[in-house]
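In the UniProt record's numbering, the protein residues as written are 1 to 176. So the structure is just underneath, and the comments pick up after that.
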């Protein structure tokens, strides 16, 4: 049995779309999934109908997402739904993963140069926040560790194993 086919909104494409890059979605992972937009209609958020569609065909009950840019192998997003994982479940799982505060051990595994880069991203995030004190006190998030690679660019099968519902998240930089 082949790998389940991903919903078109989640699929990575090798061809650049305009203006969003390599995905049918334009989504900055630092923002809630409700901010995701269609590449073809940036003024239109995803509808409840689109978000509630199954993430794969045939539907799966669990789906894992990994990313080569993540500095830690343990940063795995897991979407679960006994009725079948939906597009919303996948986007929410990714969002929860990147919005998690990094641990002391994770911070110490970063080299000093990387720590400086992450600090720069963290400082920029809390300074532009509506409630900067609260954001600063919440600490460095995994999203800060992504540096400029914060745009969703799609998912692709991570394995040739038929029973492994693991997908690789591709990230991109914002278009300027």
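Just so you know, even glycine gets a beta-carbon here, dropped at the ideal spot from N, CA and C. Values in this document were obtained by computation on a predicted structure and should not be read as measured data.
{"Asked": "So, do the segment 79-94 and the segment 129-148 have three or more beta carbon pairs nearer to each other than 8 Å?", "Found": "no"}
{"Asked": "If you draw a straight line from the alpha carbon of residue 134 to that of residue 144, how long is it in whole angstroms?", "Found": "16 Å"}
{"Asked": "For residue 49, count neighbouring C-beta atoms within 10 Å of its own C-beta (all shown protein chains included) and say buried if the count is 16 or more, exposed if not.", "Found": "exposed"}
{"Asked": "Using CA atoms only, rank isn't needed, just tell me which of 174, 169 and 165 is closest to residue 3.", "Found": "165"}
{"Asked": "Counting beta carbon pairs with one atom in the segment 38-45 and one in the segment 65-78, are three or more of them shorter than 8 Å?", "Found": "no"}
{"Asked": "Can you find the residues in the same chain that come closer than 6 Å, C-beta to C-beta, to residue 67, ignoring five residues on each side of it along the sequence?", "Found": "169"}
{"Asked": "For residue 175, which option in 123, 13 and 39 has the closest C-alpha, if you only look at C-alpha atoms?", "Found": "39"}
{"Asked": "Could you compute how far the alpha carbon of residue 256 sits from the alpha carbon of residue 103?", "Found": "Given a span of 1 to 176 for the chain in the structure shown, any question on residue 256 remains unanswerable."}
{"Asked": "Could you tell me which residues DSSP puts in a beta bridge with residue 53?", "Found": "Paired residues: none, contrary to the question."}
{"Asked": "Can you find the residues in the same chain that come closer than 8 Å, C-beta to C-beta, to residue 171, ignoring five residues on each side of it along the sequence?", "Found": "29, 67, 69, 146, 149, 150, 151, 152 and 153"}
{"Asked": "Is the separation between the beta-carbon of residue 37 and that of residue 62 shorter than 7 Å?", "Found": "no"}
{"Asked": "As a quick exercise: from 54, 99, 108 and 77, pick the residue whose alpha carbon is nearest that of residue 93.", "Found": "77"}
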